[in-house]
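To start, the structure under review is shown below, and the notes come after it.
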Amino acid sequence: FREHDDAMRFIKGRYPGENDRCPVVVKADGLAAGKGVIVCKRRNDALQAIDRIARQKEFGSAGCQMIIEDRLEGQEASILAITDGRTILPLPPAQDHKPAFDGDQGPNTGGMGAYCPTPMVDDSLLAWIEENVLVPTVHAMKRNRKPFRGVLYAGLMLTPTGTKVLEYNCRFGDPECQPLLMRLQSDLVDILEAVVDGNLDQIEMPVWDPRPAVCVVMASQGYPGDYTTGQPITGLDSVADSPDVKVFHAGTKLVDGQVVTAGGRVLGVTALGDNIPQAKLNAYTAVQKVRWTGSWCRKDISDKATEFLQAAE
Numbered sequence: 386f387r388e389h390d391d392a393m394r395f396i397k398g399r400y401p402g403e404n405d406r407c408p409v410v411v412k413a414d415g416l417a418a419g420k421g422v423i424v425c426k427r428r429n430d431a432l433q434a435i436d437r438i439a440r441q442k443e444f445g446s447a448g449c450q451m452i453i454e455d456r457l458e459g460q461e462a463s464i465l466a467i468t469d470g471r472t473i474l475p476l477p478p479a480q481d482h483k484p485a486f487d488g489d490q491g492p493n494t495g496g497m498g499a500y501c502p503t504p505m506v507d508d509s510l511l512a513w514i515e516e517n518v519l520v521p522t523v524h525a526m527k528r529n530r531k532p533f534r535g536v537l538y539a540g541l542m543l544t545p546t547g548t549k550v551l552e553y554n555c556r557f558g559d560p561e562c563q564p565l566l567m568r569l570q571s572d573l574v575d576i577l578e579a580v581v582d583g584n585l586d587q588i589e590m591p592v593w594d595p596r597p598a599v600c601v602v603m604a605s606q607g608y609p610g611d612y613t614t615g616q617p618i619t620g621l622d623s624v625a626d627s628p629d630v631k632v633f634h635a636g637t638k639l640v641d642g643q644v645v646t647a648g649g650r651v652l653g654v655t656a657l658g659d660n661i662p663q664a665k666l667n668a669y670t671a672v673q674k675v676r677w678t679g680s681w682c683r684k685d686i687s688d689k690a691t692e693f694l695q696a697a698e
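Residue numbers for the sequence shown follow our numbering, so the first one is 386 and each next one is one higher.
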């Protein structure tokens, strides 16, 4: 939809009652740093979402066109793959946490944390995704004389009726990339050079640390809305020597020798562990050592995996 009134008429026509359930997702069609998606439950939620995008211009030019989609119920999974246009190398599946607050509450963000691998995508499901999602996509681009080389990131929803594709990105996921890189023991440059040279099928399979990894995003106060920058960050040295912890910088900069905040999502504190609960504990132990005025994070990153595994026992 390009026009505010057209989108409003569509929602009112499909959901005539003011108190009707309205399981839709209203999206800004342009790039909005992962925040241009509004998940709706009731008709009024959808009408407000349309108004925010089309009239209030909350996402600027990214909202010049809107998409309204049915809301899918299930667990999200991020499937990243590297391809040279012919050969496809799927990476271990990960799970992002988009909503701002614990329990998947609050507005969507660019991602408040991730873990890898997710037990919700086992080997058989990953093979199905490769055969039915990744391979057809890569081959279709090749047939259309637009071969793709690089990182292909499929955002999926695991629903009771099957696996659905929500989106594609032509990049690594953020924050999914952080736990992936923590586990990758092979040289990423060798893999990427094989992509450039078109001989991905000739390299050895990547070696992965068998331990899972959890990434917790630390954000500025106010994110994903308005936030301040320039806050001095302390405690980075205290986690620098931890062998199983790495702090990935995002919204930071160096001012007169002091690391300060320079964005909404500031740091991705990432840790390995013998199991997912231990990786979570290691990550949050490191988070407690890093501070700046107004810093905050979700406290439940990776809990979905633990709950899934407990339910499967």
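Glycine is no exception: its CB is placed at the ideal position from the N, C-alpha and C atoms.
Euclidean distance between Cα positions of residue i and residue j
| i | j | result |
| --- | --- | --- |
| N660 | R596 | 6 Å |
| N584 | R568 | 23 Å |
| G402 | R427 | 10 Å |
| N529 | V523 | 10 Å |
| L510 | D641 | 50 Å |
| M497 | G470 | 31 Å |
| P560 | G495 | 8 Å |
| G419 | L457 | 18 Å |
| V592 | D572 | 9 Å |
| K689 | P662 | 11 Å |
| L416 | K442 | 13 Å |
| A404 | N493 | For clarity, residue 404 is Asn in the given sequence; the question names Ala instead. Between N404 and N493, the C-alpha separation is close to 23 Å. |
| T678 | D622 | 18 Å |
| M590 | I473 | 12 Å |
| L565 | K397 | 43 Å |
| I576 | D626 | 28 Å |
| Q570 | T646 | 30 Å |
| D507 | D594 | 17 Å |
| F444 | E698 | 44 Å |
| C449 | P628 | 47 Å |
| T691 | E388 | 44 Å |
| R683 | T614 | 20 Å |
Own chain partners of residue i with C-beta closer than 7 Å, once the 5 adjacent residues on each side are dropped
| i | result |
| --- | --- |
| W681 | A604 and Q606 |
| V411 | I423, C425, A431, A434, I435, I438, M451 and I453 |
| P475 | I464, A466, L511, E515 and L519 |
| V624 | V630, V632, A671, K674 and V675 |
| V409 | C425, A431, I453, E454, D455 and R456 |
| K527 | G470 |
Beta-carbon proximity list for residue i, same chain, < 6 Å, skipping 5 on both sides
| i | result |
| --- | --- |
| L551 | G540 and M542 |
| F557 | V536 |
| K665 | V599 and S687 |
| N554 | Y538 |
| Q460 | M505 and L543 |
| C407 | Y400, C425, R427, R428 and A431 |
| Y608 | G649 |
| I618 | V644 and W677 |
Check whether residue i and residue j have beta carbons under 8 Å apart
| i | j | result |
| --- | --- | --- |
| T384 | V644 | Coverage of the chain is limited to positions 386 through 698, which leaves residue 384 absent and any answer about it impossible. |
| A462 | P478 | yes |
| G451 | D390 | The displayed chain sequence assigns Met, not Gly, to residue 451. Cβ distance not < 8 Å, so M451 and D390 don't count as in contact. |
| D685 | D487 | yes |
| V601 | A525 | no |
| Y612 | G658 | no |
| A392 | A447 | no |
| V675 | G620 | yes |
Own chain, CB closer than 8 Å to residue i, minus 5 neighbours either side, in chain order
| i | result |
| --- | --- |
| Q587 | A579 |
| F395 | F386 and I453 |
| G491 | P484 and A485 |
| W513 | T548 |
| L694 | P504 and I661 |
| R534 | T468, D469, G470, V580, V581 and G583 |
| V574 | none |
Exposed unless 16 or more other CB atoms sit within 10 angstroms - verdict on residue i
| i | result |
| --- | --- |
| Q563 | buried |
| K531 | exposed |
| Q616 | buried |
| A635 | buried |
| A499 | buried |
| T546 | exposed |
| L652 | buried |
Practice task
State whether the segment 496–504 contacts the segment 514–529, with contact taken as three or more CB pairs (one from each stretch) at a distance under 8 Å.
Solution key: Contact fails: fewer than three Cβ-Cβ distances are below 8 Å.
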